[in-house]
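For the sequence shown, numbering that gives the first Met the number 0 gives the first residue as 0, with consecutive numbering after it.
For glycine and all other residues, C-beta sits at the position ideal for the given N, C-alpha and C.
Computed from a prediction, not measured in an experiment: that's the story for all the values here.
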Amino acid sequence: MIVTNVDNFYVTDDRIINSPSRERGVSEEDEFAMRVHGCELVQEAAVLLKASQQVACTGQVLLHRFYAKRSMVKFDVRRVAATSVFLACKLEECPRKLRDVVNVFHRMSRRREKKPLTHLEYFSKRYEDIKADLVRVERHMLREFGFCIHAEHPHKFVLNYLRMMGQDSAMMNAAWKIANDSLRTTLCIRFKAYKVAVACIYLAARKLRVVLPEDPPWWDLFDVTKEQIEMMCESVLAVYELGKTEYVALGPEPPPGATSPTKPR
0 MIVTNVDNFY VTDDRIINSP SRERGVSEED EFAMRVHGCE LVQEAAVLLK
50 ASQQVACTGQ VLLHRFYAKR SMVKFDVRRV AATSVFLACK LEECPRKLRD
100 VVNVFHRMSR RREKKPLTHL EYFSKRYEDI KADLVRVERH MLREFGFCIH
150 AEHPHKFVLN YLRMMGQDSA MMNAAWKIAN DSLRTTLCIR FKAYKVAVAC
200 IYLAARKLRV VLPEDPPWWD LFDVTKEQIE MMCESVLAVY ELGKTEYVAL
250 GPEPPPGATS PTKPR
């Protein structure tokens with residue numbers, strides 16, 4: 000089930016477990032790794048394009064939303080990542096030329112494959128093919144989102160909540176970093192941003208060994224349950240356990256095979 004309104008786009012855990020990619024035979028491990036990989040590409044591209052962190056955050060959310068509705072088998076994660084960056088730049092009023100996005104992703108691809116950095120000729124067939132593909136993917140993304148593409152991130156809630164609790168800059172920095180890392184998971188399409196912020200604070204407190212009130216529990220103030228916090232923390236920790244990712248080609252379509260439902264990440 001998918002729930003949307005003017006501000007938000009959320010999916011149920013069942014939809015994550017039985018995602019379009021899983022239904023097309025992609026394993027849970029490969030889908031998770033390629034979501035993380037796509038988000039890493041978005042983050043890196045935003046830096047190279049000298050775009051804001053807001054662009055990087057929104058781009059990752061768009062990538063997760065799209066794969067809640069379409070399969071990685073049909074839509075390659077590298078193309079979706081590039082299109083997510085291009086679209087996020089527009090949304091966050093930090094526009095970049097499509098030509099620049101194509102060139103940045105070309106350079107990133109060459110570097111990751113440890114190949115010599117070459118210039119992608121502007122009038123070459125390869126450039127035109129990539130450009131046309133990104134325009135095609137953007138059209139599909141907008142259609143799937145129903146042009147509902149507003150994205151809210153946990154960062155502002157992290158800062159506001161920690162100020163309310165009188166915490167110092169060390170906690171703010173740690174929780175902020177975890178908020179960035181949380182975007183590599185599907186939390187941004189499963190939980191509202193204010194709830195993800197609470198999980199980020201919880202993890203930061205554990206990391207820094209900061210004792211927060213538990214009688215009554217501090218998270219009750221923000222309308223989040225302990226069960227939800229633990230579920231969200233598991234998702235973020237799974238990213239840390241995964242480590243650095245490498246691109247895996249998931250198309251053409253692999254043979255269909257049953258995938259056992261597990262916990263969404």
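By the 10 Å Cβ neighbour count, where 16 or more other Cβ atoms means buried, how is residue i classified, buried or exposed?
| i | result |
| --- | --- |
| T3 | Here the model assigns T3 a pLDDT of 43, short of 50, so the residue's position is not dependable, and the following value carries that caveat. Classification for T3: exposed. |
| T224 | exposed |
| H149 | exposed |
| M33 | buried |
| M163 | exposed |
| V76 | buried |
| L40 | buried |
| G58 | buried |
| M231 | buried |
| P263 | buried |
So, does the CB of residue i fall closer than 8 Å to a CB anywhere in chain D?
| i | result |
| --- | --- |
| Y246 | The structure shown contains no chain D; it holds only a single protein chain. |
The beta strand (DSSP E) with residue i in it runs from where to where?
| i | result |
| --- | --- |
| V10 | F8 to V10 |
Tell me the residue span of the alpha helix (DSSP H) that contains residue i.
| i | result |
| --- | --- |
| D75 | From DSSP, D75 is part of no alpha helix (DSSP H); its letter is neither H nor E. |
| D29 | E27 to L47 |
| N17 | Where N17 is concerned, there is no enclosing alpha helix (DSSP H), given that its DSSP letter is neither H nor E. |
| D167 | First-last for D167: undefined, no H or E at that position. |
| K206 | A192 to L207 |
| D132 | K124 to F144 |
| F104 | L97 to R111 |
| A67 | Looking at the DSSP string, A67 is not in any alpha helix (DSSP H), and its letter there is neither H nor E. |
| R189 | L186 to R189 |
| I304 | Because the chain is modelled from 0 through 264, residue 304 falls outside the range shown and cannot be assessed. |
Kindly identify the DSSP beta-bridge partner or partners of residue i.
| i | result |
| --- | --- |
| E213 | P216 |
Suppose the cutoff is 7 Å on Cβ atoms and the five residues either side in sequence are ignored; what does the same chain contact list for residue i look like?
| i | result |
| --- | --- |
| S18 | E30, Y66 and A67 |
| A203 | M170, A173, A174 and I177 |
| A55 | V41, Q42 and A45 |
| C38 | Q59, L62, L182 and R183 |
| H154 | W175 and A178 |
| C199 | P153, V157, A174, I177, A178 and S181 |
Using a Cβ-Cβ cutoff of less than 8 Å, which residues in the same chain neighbour residue i once the five nearest sequence positions on both sides are dropped?
| i | result |
| --- | --- |
| E43 | M107 |
| E137 | T82, F85 and L86 |
| K130 | L97, R98 and V101 |
| D180 | V235, V238 and Y239 |
| M0 | Note that M0 scores 43 on pLDDT, short of 50, meaning its location in the model is unreliable; the coordinates nonetheless yield the value given after this. Excluding sequence neighbours, M0 sits near V10, T11, D13 and R14. |
| E91 | A50, S51, Q53, V54 and T57 |
| V209 | Q166, M170 and A203 |
Once you ignore the five residues that flank residue i on each side, which residues in its own chain have a CB closer than 6 Å to its CB?
| i | result |
| --- | --- |
| L236 | none |
| L211 | A204 and W217 |
| R189 | none |
| Y193 | F156 |
- Touch test, the region 101-108 against the region 54-68, Cβ-Cβ under 8 Å, three pairs minimum: No, they do not touch.
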